[in-house]
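For the sequence shown, the numbering used here begins at 282 and goes up steadily by one.
By construction, the Cβ of each residue, glycine as well, lies at the ideal position given by its N, Cα and C atoms.
Notes for the one structure printed next.
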Amino acid sequence: MALQKLDAQEAAQQLKALPLWTFDAKVGAITREFVLADFMQAFAFMTQIAIAAEKHNHHPEWSNVYNKVLITWTTHDVHGLSSNDIALARMCDQAFAGHASAHPHS
């Protein structure tokens with residue numbers, strides 16, 4: 282079955298479980314900034330996400346400045362948000378929670 286774009290109602294329902302992510306309905310993407318203790322922790326976090334993203338063949342748009350990692354998930358093939366984006370955002374949250382140096386409210 283081909284990947285499908287989440288409609289507005291599906292997206293709203295799924296995003297209830299991701300309260301720290303910001304949804305841009307115009308673009309069809311979700312974004313969150315993660316703040317870690319230092320650059321090495323941020324890079325380790327990005328490596329963890331990169332490995333998972335590669336396994337899912339779904340890759341984030343992201344940037345890193347010192348201890349901050351900004352991650353955006355969107356599915357270009359459907360021009361919006363898909364279940365892959367939601368799943369990988371959850372995975373990011375879980376990976377972040379596992380970092381002792383993570384700032385909990387970022």
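Should ILE389 and ASP366 be called a contact, given that it needs their Cβ atoms to be closer than 8 Å?
Here the chain has residues from 282 to 387 only, and residue 389 is not among them.
Under the three-state reduction of DSSP, which class applies to LYS286: helix, strand or coil?
In the sequence shown, the residue the question calls residue 286 occupies position 5. Strand, per DSSP.
What runs of the beta strand (DSSP E), each 3 residues or longer, lie entirely inside the region 313–351?
Segments of the beta strand (DSSP E) lying fully in the region 313–351: 342–346.
List the whole-angstrom C-beta distance separating PHE326 from ALA376, where the pair is believed to meet the contact cut-off of C-beta under 8 Å.
Here the question's residue 326 lines up with position 45 in the sequence shown. Here the question's residue 376 lines up with position 95 in the sequence shown. With a Cβ gap of about 6 Å, PHE326 and ALA376 count as contacting.
Return yes when the Cβ of THR353 is within less than 8 Å of the Cβ of GLU342, no when it is not.
The residue given as residue 342 occupies position 61 in the sequence shown. The residue given as residue 353 occupies position 72 in the sequence shown. When the beta-carbon positions are compared, GLU342 and THR353 come within less than 8 Å of each other.
So, at 6 Å on beta carbons, what are the nonlocal neighbours of ASP319 in its own chain, with the 5 sequence-adjacent residues on each side left out?
Here residue 319 is taken as the residue at index 38 of the sequence shown, counted from 1. Within the same chain, ASP319 has close Cβ partners ASN348.
When the distance is taken between beta carbons, is HIS360 closer than 8 Å to LYS307?
Taking the sequence shown and counting its residues from 1, the one referred to as residue 307 is at position 26. Taking the sequence shown and counting its residues from 1, the one referred to as residue 360 is at position 79. Not a contact, by the Cβ cut-off of 8 Å.
If I'm right that TRP302 touches ALA370 with Cβ under 8 Å, what's the distance once you round it to whole angstroms?
Looking up residue 302 in the sequence shown gives position 21. Looking up residue 370 in the sequence shown gives position 89. Rounded, the Cβ-Cβ distance is 6 Å, consistent with contact.
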